[in-house]
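**Q** What follows is a single structure, and I will ask about it in a moment.
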Amino acid sequence: MDVFTFQKNKFLTLIDTFSKFALTYHLKSVQAIEIANKIIKFLSNYPTPRLIVTDNGPEFDNNVVRDLLATRKIDLHFSSPHHPASNGPVERFHSTLIDHLNILNVKLGTKTDALPQKIHLAVLAYNNSTHSATGHTPLDILYPNSTFRDAEFNQTFMTHYLDDQRKKHQVLHEMINKSLMTHKTRTIEKLNTLREEPPCVPEVAYAKVHSRAKDIPKYKRIQINENNPSTSTVTIQPDAHKPGRKFMKVHLENIKRPHV
-4 MDVFTFQKNK FLTLIDTFSK FALTYHLKSV QAIEIANKII KFLSNYPTPR
46 LIVTDNGPEF DNNVVRDLLA TRKIDLHFSS PHHPASNGPV ERFHSTLIDH
96 LNILNVKLGT KTDALPQKIH LAVLAYNNST HSATGHTPLD ILYPNSTFRD
146 AEFNQTFMTH YLDDQRKKHQ VLHEMINKSL MTHKTRTIEK LNTLREEPPC
196 VPEVAYAKVH SRAKDIPKYK RIQINENNPS TSTVTIQPDA HKPGRKFMKV
246 HLENIKRPHV
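Heads up, the sequence shown is in the working numbering, so the first residue is -4 and it goes up one at a time.
Following this line, the structure appears as structure tokens:
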């Protein structure tokens, strides 16, 4: 789950990591109560998930959202700070959404249409397109074809038909699980090529500066307080010249080691 911003409009985006099925809800603001209302709308139309992953922005990390999810027994997990790859599926969906919106503007002449309407068309195109990770469209996975041409089926035929659909759905899920596991294994093998186990991080290193002017160095010198191998993060000392600052967590991907 994340907030997607496009042309000064904000949308709550949700994606199912198994089927890749995606949803968007237009937001009037990013206040906690507005986010909670959209989550309620989602939960009233779709099965309750076991886990929701978000970044640790204040629109999600607040008592309103936490309490809402807790009442539905939904675990809330926050991705690593300044590390979009931790919530990769929704980030990739945002990129695809932008591509679809650009196509709608250029090729279909919808540039003057309201953005929420174009978002609906873009999401419709996404959910009906074959996903590279699963080899199927998100809609086909979430809603296997069960259209009836004639309502006058006898009970025996209906029973056989539904049993057949369930079997096909089960086979489809097994194929997708296998495809996802293969994709996951290849990704992990690629990432582990140069990985250290456990990561060796010196006490003094350099952290990437994300919001900076061009005349400010890309990395700043930091003092590492604690190494957290299980989460691939380090806890760094607050800046000495900024009293009151708390310890911060930085993902190892954003750490640069000094030259030896």
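We treat Cβ as the ideally placed atom computed from N, Cα and C, and that holds for glycine.
1. Taking its Cβ as the centre, do 16 or more other Cβ atoms sit within 10 Å of T126, making it buried, or is it exposed?
2. Would you check if the distance between the CB atom of S174 and the CB atom of G130 is smaller than 8 Å?
3. By the 10 Å Cβ neighbour count, where 16 or more other Cβ atoms means buried, how is H115 classified, buried or exposed?
4. Any idea which residues DSSP pairs V(-2) with across the strands?
5. DSSP three-state call for F55: helix, strand or coil?
6. Taking the alpha-carbon of P53 as reference, which of L46, N187 and R61 has the nearest alpha-carbon?
7. Between F13 and D70, what straight-line distance do the alpha-carbon atoms span, to the nearest angstrom?
8. According to DSSP, I217 sits in a beta bridge with which residue or residues?
9. If L63 sits next to I98, beta carbons under 8 Å apart, how far is it from one beta carbon to the other, in whole angstroms?
10. From D(-3), F73, R67 and T182, pick the residue whose C-alpha is nearest to that of P42; which is it?
11. Using CA atoms only, rank isn't needed, just tell me which of N40, L92, N249 and P84 is closest to K179.
12. Along the alpha helix (DSSP H) that carries L247, what are the first and last residues, could you check?
13. Between F1 and L22, how many whole angstroms is the CB-CB distance? I'm expecting something under 8 Å.
14. I'd like the span of the beta strand (DSSP E) that includes D70, first residue to last.
15. Could you tell me the alpha carbon to alpha carbon distance between F(-1) and A200, rounded to whole angstroms?
16. For T19, which of helix, strand or coil comes out of DSSP?
17. Looking at the structure shown, is T91 part of a helix, part of a strand, or coil, going by DSSP?
18. Is it true that the CB of N82 sits closer than 8 Å to the CB of D50?
19. Leaving out five residues before and five after A117 in sequence, what residues of the same chain have Cβ atoms less than 6 Å from its Cβ?
20. Beta-carbon separation of K251 and T230 under 8 Å?
21. Which first and last residues belong to the alpha helix (DSSP H) in which V48 is found?
22. Closest to P111 by C-alpha separation, out of Y121, N4, I47 and N222, would be which residue?
23. Roughly how many angstroms separate the alpha carbons of F88 and T8, rounded to a whole number?
24. Taking the beta carbon of L247 as the centre, do at least 16 other beta carbons fall within 10 Å, making it buried, or is it exposed?
25. Please list, in chain order, all residues of the same chain as N122 whose beta carbon is under 8 Å from its beta carbon, the five residues on each side excluded.
26. Compute the distance between the beta-carbons of K215 and A202, then report whether it is under 8 Å.
27. In whole angstroms, give me the CA-to-CA distance for S141 and N222.
**A** Reading off the structure:
1. Note on identity: in this sequence residue 126 is His, with Thr being the wrong assignment. It is buried - the Cβ of H126 has at least 16 other Cβ atoms within 10 Å.
2. yes
3. exposed
4. L7
5. coil
6. R61
7. 17 Å
8. A200
9. Incorrect: roughly 36 Å between the Cβ atoms, too far for contact.
10. R67
11. P84
12. Segment: none, L247 is in no alpha helix (DSSP H) and carries neither H nor E.
13. About 12 Å; that fails the 8 Å criterion.
14. D70 to F73
15. 33 Å
16. strand
17. helix
18. yes
19. L92, H95 and L96
20. no
21. Premise fails: V48 lies in the beta strand (DSSP E), L46 to T49, not in any alpha helix (DSSP H).
22. N4
23. 9 Å
24. buried
25. F16, A17, T132, P133 and L134
26. yes
27. Because S141 carries a pLDDT of 47, less than 50, the predicted location of this residue cannot be relied on, and the following value inherits that uncertainty. Answer to the nearest angstrom: the Cα atoms are 52 Å apart.
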